[in-house]
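Peer 1: Let me begin by handing over the structure; questions about it come next.
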Amino acid sequence: MAMNPDFENATQIPLLNYPSYRETGRRAQKGSLVYIVSTVFLIIMSLVAVALIINLQIHEHDKDLNNGKSLLPLILYPRGVAEGVSAKSSPFLSQKASYNWTNAMLSWQRTDFHFQPQKNWMNDPNGPLFYKGWYHIFYQYNPDSAVWGNITWGHAVSRDMIHWLHLPIALVPDTWHDISGVWSGSATLLPDGKIVMLYTGSTGEYVQVQNLAYPANLSDPLLLDWVKYAHNPVLVPPPGIGPKDFRDPTTAWIGLDGKWRVTIGSKVNKTGLSLVYRTEDFIHYELSDHYLHAVPGTGMWECVDFFPVSLNGPHGLDSSVNGPDVKHVLKASLDDTKVDHYAIGTYFVENDTWVPDNPHEDVGIGLKLDYGRYYASKTFYDQHKQRRILWGWINESDGETADLKKVVFDKKTRTNLIQWPVEEVESLRLRNFEFEEVVVNPGSVVPLDVGPSTQLDIFAEFEIEYLASKGIGNNNVGCGSGAVDRSGLGPFGILAIADDQLSELTPIYFHLSGTSSDAILTTSFCVDETRSSKAPDVSKLVFESEVPVLSDEKLSMRVLVDHSIIESFAQGGRTVISSRVYPTEAIFGAARLFLFNNATDINIKASLKIWQLNSAFIRPFPLDYKL
Numbered sequence: 001m002a003m004n005p006d007f008e009n010a011t012q013i014p015l016l017n018y019p020s021y022r023e024t025g026r027r028a029q030k031g032s033l034v035y036i037v038s039t040v041f042l043i044i045m046s047l048v049a050v051a052l053i054i055n056l057q058i059h060e061h062d063k064d065l066n067n068g069k070s071l072l073p074l075i076l077y078p079r080g081v082a083e084g085v086s087a088k089s090s091p092f093l094s095q096k097a098s099y100n101w102t103n104a105m106l107s108w109q110r111t112d113f114h115f116q117p118q119k120n121w122m123n124d125p126n127g128p129l130f131y132k133g134w135y136h137i138f139y140q141y142n143p144d145s146a147v148w149g150n151i152t153w154g155h156a157v158s159r160d161m162i163h164w165l166h167l168p169i170a171l172v173p174d175t176w177h178d179i180s181g182v183w184s185g186s187a188t189l190l191p192d193g194k195i196v197m198l199y200t201g202s203t204g205e206y207v208q209v210q211n212l213a214y215p216a217n218l219s220d221p222l223l224l225d226w227v228k229y230a231h232n233p234v235l236v237p238p239p240g241i242g243p244k245d246f247r248d249p250t251t252a253w254i255g256l257d258g259k260w261r262v263t264i265g266s267k268v269n270k271t272g273l274s275l276v277y278r279t280e281d282f283i284h285y286e287l288s289d290h291y292l293h294a295v296p297g298t299g300m301w302e303c304v305d306f307f308p309v310s311l312n313g314p315h316g317l318d319s320s321v322n323g324p325d326v327k328h329v330l331k332a333s334l335d336d337t338k339v340d341h342y343a344i345g346t347y348f349v350e351n352d353t354w355v356p357d358n359p360h361e362d363v364g365i366g367l368k369l370d371y372g373r374y375y376a377s378k379t380f381y382d383q384h385k386q387r388r389i390l391w392g393w394i395n396e397s398d399g400e401t402a403d404l405k406k407v408v409f410d411k412k413t414r415t416n417l418i419q420w421p422v423e424e425v426e427s428l429r430l431r432n433f434e435f436e437e438v439v440v441n442p443g444s445v446v447p448l449d450v451g452p453s454t455q456l457d458i459f460a461e462f463e464i465e466y467l468a469s470k471g472i473g474n475n476n477v478g479c480g481s482g483a484v485d486r487s488g489l490g491p492f493g494i495l496a497i498a499d500d501q502l503s504e505l506t507p508i509y510f511h512l513s514g515t516s517s518d519a520i521l522t523t524s525f526c527v528d529e530t531r532s533s534k535a536p537d538v539s540k541l542v543f544e545s546e547v548p549v550l551s552d553e554k555l556s557m558r559v560l561v562d563h564s565i566i567e568s569f570a571q572g573g574r575t576v577i578s579s580r581v582y583p584t585e586a587i588f589g590a591a592r593l594f595l596f597n598n599a600t601d602i603n604i605k606a607s608l609k610i611w612q613l614n615s616a617f618i619r620p621f622p623l624d625y626k627l
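Residue numbers for the sequence shown follow UniProt numbering, so the first one is 1 and each next one is one higher.
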């Protein structure tokens with residue numbers, strides 16, 4: 001491949017020649033959030049959910065909806081300070097003067113294959129389930145404004161988790177036990193086919209209570225109508241728990257005694273914890289004598305998730321499965337830091353407690369589901385395809401979206417979860433490009449001719465060639481100040497959403513620590529937003545994590561680009577970083593893709609497979625359509 005002559009003789013990566021636009025801040029907010037979905041091997045989803053593809057033939061009624069017309073880009077308007085379910089500001093926000101954003105810039109930033117409402121505010125994903133051929137997602141939604149408040153439950157359905165159809169609002173704050181907000185909750189499918197939905201309500205006095213709702217008509221596959229239990233609330237804060245520290249019930253699991261268990265996030269002083277309740281009918285409850293788990297110093301636990309993973313099998317597990325070949329994952333969204341932490345451990349059925357395998361990587365102090373802008377995730381067991389799907393909210397300084405992944409236990413390291421985009425994303429693939437063993441010399445940038453680079457699915461593998469016999473390397477660990485920090489062994493990777501002049505770019509890269517004579521090098525995986533935008537009022541951070549790399553593995557990454565959202569997966573999904581960038585020039589046809597090597601003592605040989613991706617569509621369901 002020919003190198004750009006402007007870069008060919010460079011002694012360092014050209015991005016160093018440009019001024020830094022790292023000033024962190026926040027521009028005026030634009031409406032609508034996005035969800036992301038992936039499979040855990042787990043499947044993870046961010047609230048930039050996988051949307052509906054415009055030109056893909058799926059169902060006849062979807063073609064009817066499209067009518068052969070392209071959707072016009074939505075013009076987005078400022079929406080004010082981002083706030084979550086706890087009404088606390090996002091840690092990414094500041095109050096710098098707004099950049100002079102044009103409608104073209106704002107419309108480009110709206111994603112094309114992540115789930116989001118047509119307008120207004122969205123946050124936590126709620127109650128995901130698969131029922132009678134339809135995937136359902138509910139979500140925290142303000143139907144009246146593009147700021148947090150007046151929280152209801154939005155509702156959408158999909159046949160494939162790519163194309164979504166909006167349904168009428170499912171739950172609204174219209175009773176004393178949820179008049180200040182219908183907050184987060186979870187669905188449980190019972191063996192007899194019934195569905196129960198537990199959710200947190202905020203009363204007029206802002207006391208957090210747990211409420212029960214159920215479908216009005218189980219024969220309706222769309223689950224359009226929901227009924228609140230007449231004698232709500234079914235749970236109130238127990239003694240010793242603050243009235244504003246009792247929220248977000250999980251999907252229930254059943255014990256050997258035939259009773260269902262539900263866990264709810266809370267805290268005592270600065271100790272984050274998860275309460276366990278037992279019930280036979282979801283109306284009457286007994287509080288366990290023990291916490292499921294508690295970790296001092298972690299603060300309030302929101303959106304707790306608790307689910308089993310198979311140590312040996314390839315499939316996801318129903319929430320009630322247990323046994324010798326099963327571990328349990330406990331996840332908490334930390335209200336103080338707006339980060340989703342998880343740990344893998346053992347669930348003891350005799351007293352409903354959980355213990356982490358590694359106390360040094362306990363919930364809130366160790367592993368994160370995502371090392372970028374990601375929060376309030378929730379999984380569900382997809383019985384249709386025997387997998388566990390993870391939805392999450394890409395909570396950043398701008399429009400929120402939902403993300404979708406699948407999740408599984410990492411059988412190689414046996415210490416991590418693997419998160420990977422749901423396989424349905426591959427149905428969006430269009431034209432593909434392959435690059436074999438592209439050599440990137442120290443200080444070089446190599447353009448990748450794939451055309452406009454706004455919607456991409458990128459697989460990349462990297463091999464290292466040392467330029468001296470031994471002793472090359474560095475002792476620094478981590479990503480430092482970003483891709484401009486050079487050492488013998490990094491950084492190197494790709495530049496996404498970059499313009500031809502490299503005045504705006506987002507590096508996704510590896511940086512190694514150690515020396516060439518070491519048997520094992522420490523590998524950091526990083527995303528650097530500091531040069532992603534010339535706008536001074538946008539939050540621009542460097543996200544990083546150490547990622548395990550086994551001796552027989554090449555360095556590898558998968559990157560999904562969807563306009564302003566970049567999802568990056570290292571080593572098959574052991575480490576995930578979701579980021580949101582707001583370029584002013586690297587948009588539409590000006591967005592490009594590059595390889596770069598800013599190391600001083602190694603050549604990089606890169607092999608890539610890249611697909612341009614189609615758009616998904618999300619639109620209202622035609623309620624006069626006969627199923």
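Using N, Cα and C, we set each Cβ at its ideal position, and we do this for glycine too.
1. Rounding to the nearest angstrom, what Cα-Cα distance links Ile458 and Phe596 in this structure?
2. Apart from the five residues just before and just after Asn351, which ones in its own chain have a Cβ nearer than 7 Å to its Cβ?
3. Taking Asn211 and Pro233 to be in contact with their CB atoms under 8 Å, please state how far apart those CB atoms are, rounded to whole angstroms.
4. Looking at the structure shown, is Ala376 part of a helix, part of a strand, or coil, going by DSSP?
5. Leaving out the 5 sequence neighbours to the left and right, which residues in its chain are closer than 8 Å to Tyr206 when beta-carbon positions are compared?
6. Give me, in chain order, the residues of the same chain whose beta-carbon lies closer than 6 Å to that of Val559; leave out the 5 immediate sequence neighbours on both sides.
7. Give the straight-line distance between the Cα atoms of His155 and Asn126, rounded to the nearest whole angstrom.
8. Taking 8 Å as the cut-off, decide whether the C-beta atoms of Tyr113 and Leu613 are in contact.
9. What separation, rounded to the nearest whole angstrom, lies between the Cα atoms of Thr415 and Tyr342?
10. Please report the residue range of the alpha helix (DSSP H) in which Asn103 lies.
11. Considering only C-alpha positions, which residue in the set Gly490, Ser158, Asn432 is nearest to Asn441?
12. Under 8 Å by Cβ, that's how I've got Val295 and Ile365 pegged, so tell me the actual separation to the nearest angstrom.
13. Excluding five sequence neighbours on each side, which residues of the same chain lie with their C-beta closer than 6 Å to the C-beta of Asn150?
14. Within a Cβ cutoff of 6 Å, which residues of the same chain sit near Lys609, ignoring the five residues on either side of it in sequence?
15. Residues in the same chain with beta-carbon distance under 7 Å from Asp624, minus the five sequence neighbours each way, listed in chain order, please.
16. Exposed or buried, what is Ile162 when buried is set at 16 or more other beta-carbons lying within 10 Å of its beta-carbon?
17. Would you mind giving the Cβ-Cβ distance between Val268 and Thr250, rounded to the nearest angstrom? I have them listed as a contact below 8 Å.
18. How far does the beta strand (DSSP E) with Leu212 in it reach, from first residue to last?
19. What three-state label does DSSP hand Glu504 in the structure shown?
20. Give me, in chain order, the residues of the same chain whose beta-carbon lies closer than 7 Å to that of Asp178; leave out the 5 immediate sequence neighbours on both sides.
21. Bridge partners for Pro239 per DSSP, in chain order?
22. Based on the DSSP output, what are the partners of Ala606 in its beta bridges?
23. According to DSSP, simplified to helix, strand and coil, what is Gln386?
24. Quick check on Val349: buried or exposed, where buried means 16 or more other Cβ atoms within 10 Å of its Cβ?
25. Out of Phe543, Val561, His315, Tyr99, which one is the CA nearest neighbour of Ile497?
26. Count the other CB atoms within 10 Å of the CB of Gly392; is the residue buried (16 or more) or exposed (fewer)?
27. Among the candidates Ile418, Thr506, Phe510, whose CA atom is the shortest distance from the CA of Ile587?
28. Can you look up His290 in the DSSP assignment and give me helix, strand or coil?
29. In whole angstroms, what separates the C-alpha of Gly316 from that of Val407?
30. Distance check for Phe543 and Ile602, CA to CA, integer angstroms please.
31. Can you tell me which of the three DSSP states Pro308 falls into?
Peer 2: Let me spell this out:
1. The straight-line gap from Cα to Cα measures roughly 15 Å.
2. Contacts found: His290.
3. Confirmed, Cβ separation roughly 5 Å.
4. In this structure, Ala376 counts as strand in the three-state DSSP scheme.
5. So the qualifying residues of the chain are Ser180, Pro243, Lys244.
6. Only Ile458, Ile508, Ser568 meet the Cβ criterion.
7. Whole-angstrom Cα-Cα distance: 9 Å.
8. Sequence check: residue 113 is Phe here, not Tyr. Cβ distance < 8 Å, so Phe113 and Leu613 count as in contact.
9. Roughly 11 Å between the two C-alpha positions.
10. Residues 103-109.
11. In terms of CA proximity to Asn441, Gly490 leads the group Gly490, Ser158, Asn432.
12. With 8 Å as the limit, Val295 and Ile365 qualify as a contact, their Cβ atoms being about 7 Å apart.
13. In chain order, Asn142, Asp144 place their CB closer than 6 Å to the CB of Asn150, counting only its own chain and leaving out the 5 sequence neighbours on each side.
14. The beta carbon of Lys609 sits closer than 6 Å to those of Glu434, Phe459, all from its chain and outside the five residues before and after it, given in chain order.
15. Once the five neighbours on either side are set aside, Asp624 has no close Cβ partner at all.
16. Of the residues assessed, Ile162 falls on the buried side of the cut-off, its CB having 16 or more other CB atoms within 10 angstroms.
17. With a beta-carbon spacing of about 19 Å, Val268 and Thr250 fall beyond the 8 Å limit used to define contacts.
18. Its beta strand (DSSP E) spans residues 208-215.
19. In the structure shown, the three-state DSSP call for Glu504 is coil.
20. Once the five neighbours on either side are set aside, the close Cβ partners of Asp178 are Gly201, Ser202, Asn211.
21. In DSSP, Pro239 forms no bridge with anything.
22. Note: Ala606 sits in a beta bridge opposite Val438, Phe462.
23. DSSP places Gln386 in coil when its eight states are reduced to three.
24. Burial call: exposed.
25. Among Phe543, Val561, His315, Tyr99, the Cα nearest to that of Ile497 belongs to Val561.
26. Flag for Gly392 reads buried.
27. Measuring from the Cα of Ile587, the nearest candidate turns out to be Thr506.
28. Note: His290 maps to coil in three-state DSSP.
29. For Gly316 and Val407, the distance between alpha carbons rounds to 8 Å.
30. Between Ile602 and Phe543, the C-alpha separation is close to 24 Å.
31. Note: Pro308 maps to strand in three-state DSSP.
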